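Here is the structure we will look at, set down as structure tokens.
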Amino acid sequence: MRMKLKLLATVLVGAALTAGYQYLAVPDLQKKDPDAGLSRDEIRQRDERAQENWAYSLGLQAYVWGLPLTITDRERLLRLNERKLKFVTERQICPCAPINQIGHMTKLATSQDELPYTPNNDTIYSGVMLELKDDPVILSLPDVQDRYWSVQVADAYLENLPYIGTRATQGKGGHYLFAGPDWQGEVPTGVELRRLSTNSGALALRYGVSKEDPQDLPRVLELQKQVHTTSLSNWGKPDGFGKVTTVKMSRKEYSGDLALFERMVDLLNENPPRSEQRAAVSMFQSIGIELGKPFDASRLHPATVAGLKRALADSQDLMTWKVKYRGTPYPTRWNNLHEGSYGFHFINRAEGALEGLMVHDREEGVYFSTYEDGTGQLLDGQQRYILHFERDALPQLQDKGFWSITLYGTNFQLVDNAIDRYSIGDRTPGLTYNPDGSLTLYIQHQPPTGLESNWLPSPDKGLFRLNYRIYLPDEKTRNPKTLQQFIPPIQPQARS
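Note that our numbering numbers the sequence shown so that position 110 is 112, with each residue one more than the last.
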């Protein structure tokens with residue numbers, strides 16, 4: 003009896019599957035000759051069109067996959083060019099310094115700055131571009147317990163690695179040896195090894211600055227003076243502390259319609275991806291992108307070349323769209339940006355690198371952005387808005403955590419205004435809460451009468467966007483399943 007029931011179940015399952023298959027849109031190549039009725043030229047044109055479309059599809063994906071490598075290389079080349087490096091450091095355009103040396107910003111970002119990423123207005127930046135192939139680098143930092151700070155570490159793909167700072171090391175500094183994937187050597191006493199998955203990488207240091215205390219910025223600048231990088235080969239030498247080996251690199255000139263892919267493949271071979279991501283690269287072999295081999299457009303079929311040209315032509319529009327609508331959208335029109343440990347989310351990695359260079363992991367900071375109010379209309383300087391937080395909608399934070407909302411123009415830069423206020427948050431001097439503990443913020447060009455303490459100035463006209471950053475959020479605030487409580491909609495107000 004039991005055998006009969008099993009047989010009946012098998013027959014029923016098979017029948018169900020067979021019935022389901024007839025609804026699948028799968029071409030039956032056995033019954034119909036796809037070449038029937040076509041001339042040789044028509045067959046060739048159809049096949050080449052298909053080949054071009056396939057190359058176009060793979061070309062877009064390869065562009066997205068490799069974009070972070072080209073952005074890392076852009077930052078590296080800037081630091082290798084003495085003239086450009088002098089220009090950007092004198093004007094405080096970025097926290098730049100020669101390779102393996104640390105560069106510092108000495109002020110909070112303002113509307114007068116033109117930075118190569120979307121700046122915050124809460125922390126002072128320092129940065130290091132790492133090249134570790136020939137000599138590891140030791141980063142030395144002081145303990146800091148009185149404020150938020152972090153060292154964000156990323157590989158050549160701008161993928162996050164373990165942090166140092168308030169959360170990750172309980173505010174303790176120390177000496178950290180950054181080494182590439184193949185380095186074998188002895189770690190000095192009192193130094194902690196931090197291995198990167200690639201020989202190229204980056205460090206981003208952030209120190210929180212109080213806007214309420216004018217003496218706080220000088221204190222942070224003193225902290226910066228206690229941060230040093232030292233090449234391992236100089237460590238322990240009488241005059242070696244704080245000195246790095248000079249890095250000399252050259253990059254050939256790329257030309258031709260597919261120069262970007264040629265450059266991308268060279269960068270790929272300089273910094274191969276982690277083993278679990280190499281399967282993604284193998285997808286691109288048919289368009290000439292292969293680990294361990296140079297890119298040679300002359301060996302590609304003309305249809306493949308045509309598809310790759312189309313892919314590059316459309317790649318800008320693709321990334322413009324993706325940067326505008328980054329992350330996961332929520333019903334309140336805020337987008338929750340993807341964290342910087344991307345895994346296999348390659349388009350999120352590309353958008354993060356393009357707009358923010360390095361993006362925090364969720365435990366360190368959760369980011370939101372929007373171009374729209376709660377009704378879905380684009381944010382416009384001619385309109386007045388309020389953002390109201392009920393008491394239980396205010397972010398819940400870990401020790402030393404804080405939050406802020408920053409206004410940007412469509413160029414990702416801060417917008418000039420009469421009171422030089424570019425962001426507003428829980429550390430804004432004089433911020434006024436309602437009697438019930440709720441909070442109302444006013445986003446408009448003209449100051450709200452009697453409510454200036456809660457005012458975030460917007461431009462007098464034109465579109466803008468808002469970024470909402472929460473540093474050191476607690477579990478409920480950062481959990482994608484519960485965070486909607488903390489992102490209320492932006493409400494348009496009647497025009498006066």
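All C-beta atoms, glycine included, are put in the ideal place defined by N, C-alpha and C. These numbers come from a predicted model, not from an experiment.
Pro459 is bridged by DSSP to Gln446. As computed with DSSP, His230 is found in a beta bridge with Ser142. Under the DSSP assignment, Tyr209 falls outside any alpha helix (DSSP H), being part of the beta strand (DSSP E) whose first and last residues are Ser202 to Gly210. With fewer than 16 other beta carbons inside 10 angstroms of its own, Glu214 counts as exposed. Taking a cut-off of 8 angstroms on C-beta distances, the segment 158 to 166 touches the segment 355 to 363, as three or more cross pairs fall below it. The beta carbon of Pro121 sits closer than 8 angstroms to those of Ala111, Asp115, Tyr127, Gln415 and Leu416, all from its chain and outside the five residues before and after it, given in chain order. For Thr322, the enclosing alpha helix (DSSP H) begins and ends at Pro304 to Lys326. Contact check for Ile73 against Leu359 passes: the beta carbons are separated by less than 8 angstroms. Gly187 is classed as exposed because its beta carbon has fewer than 16 other beta carbons within 10 Å across all chains shown.
The DSSP assignment places 399 to 410 and 425 to 427 as complete runs of the beta strand (DSSP E) inside the segment 394 to 439, in order along the chain (cut-off: 3 residues). Going by C-alpha positions, Ser41 is about 13 angstroms away from Asp35. Partner residues in the beta bridge of Asp157, as assigned by DSSP, are Gly203.
In this structure, the beta-carbon distance from Val90 to Leu80 falls below 8 angstroms. Beyond the five residues adjoining it in sequence on each side, Leu69 comes within less than 7 angstroms, by CB distance, of Ala352, Ala355 and Leu356 in the same chain, given in chain order. Residue Leu225 holds the alpha-carbon nearest to the alpha-carbon of Ser142 among Asn83, Leu225 and Leu219. Along the length of the segment 47 to 116, whole beta strand (DSSP E) runs at least 3 residues long do not occur. Judged by DSSP secondary structure, Phe348 falls within the alpha helix (DSSP H) whose first and last residues are Phe348 to Gly358.
Per DSSP, the continuous alpha helix (DSSP H) segment holding Glu477 begins and ends at Glu477 to Arg480. Of all C-beta pairs linking the segment 384 to 392 to the segment 338 to 352, fewer than three are shorter than 8 angstroms, placing the two stretches out of contact. In the structure shown, Ile45 falls within a helical segment according to DSSP collapsed to helix, strand and coil. Beta-bridge partners assigned by DSSP to Tyr178: Leu141 and Glu194.
With respect to Ser152, Gly167 sits close: the two C-beta atoms are nearer than 8 angstroms. Residues of the same chain with a CB within less than 6 angstroms of the CB of Lys463, apart from the 5 flanking positions on each side, are Gly383 and Gln384 in chain order. Between the C-alpha atoms of Leu234 and Leu179 there is a straight-line separation of about 8 angstroms.
Looking at the DSSP output, His362 bridges to nothing. When DSSP states are grouped into helix, strand and coil, Leu465 belongs to the strand group. Using a Cβ-Cβ distance cut-off of 8 angstroms, the segment 398 to 407 and the segment 424 to 444 are in contact, since at least three pairs of beta carbons, one from each stretch, lie closer than that value. In its own chain, leaving out the 5 sequence neighbours on each side, no residue places its CB closer than 6 angstroms to the CB of Gln287. Membership of Asn271 in the alpha helix (DSSP H) is indicated by the continuous run Ala261 to Glu272. Asn436 is classed as exposed because its beta carbon has fewer than 16 other beta carbons within 10 Å across all chains shown. For Met266, the number of other beta carbons within 10 angstroms of its own is at least 16, and it is reported as buried. Taking 8 angstroms as the cut-off, the beta carbon of Thr334 is found no closer than this to the beta carbon of Ile445.
Within the same chain, Leu134, Pro138 and Arg197 come within 8 angstroms of Trp185 by CB-CB distance, once the 5 residues on both sides are set aside. Taking C-beta atoms as the reference points, Phe370 and Trp336 count as a pair closer than 8 angstroms. Listed in chain order, the non-local C-beta contacts of Tyr256 below 7 angstroms within the same chain comprise Glu264 and Arg265, local neighbours out to five positions each way being set aside.
By the C-beta density criterion, Pro431 is exposed, having fewer than 16 other C-beta atoms within 10 angstroms.
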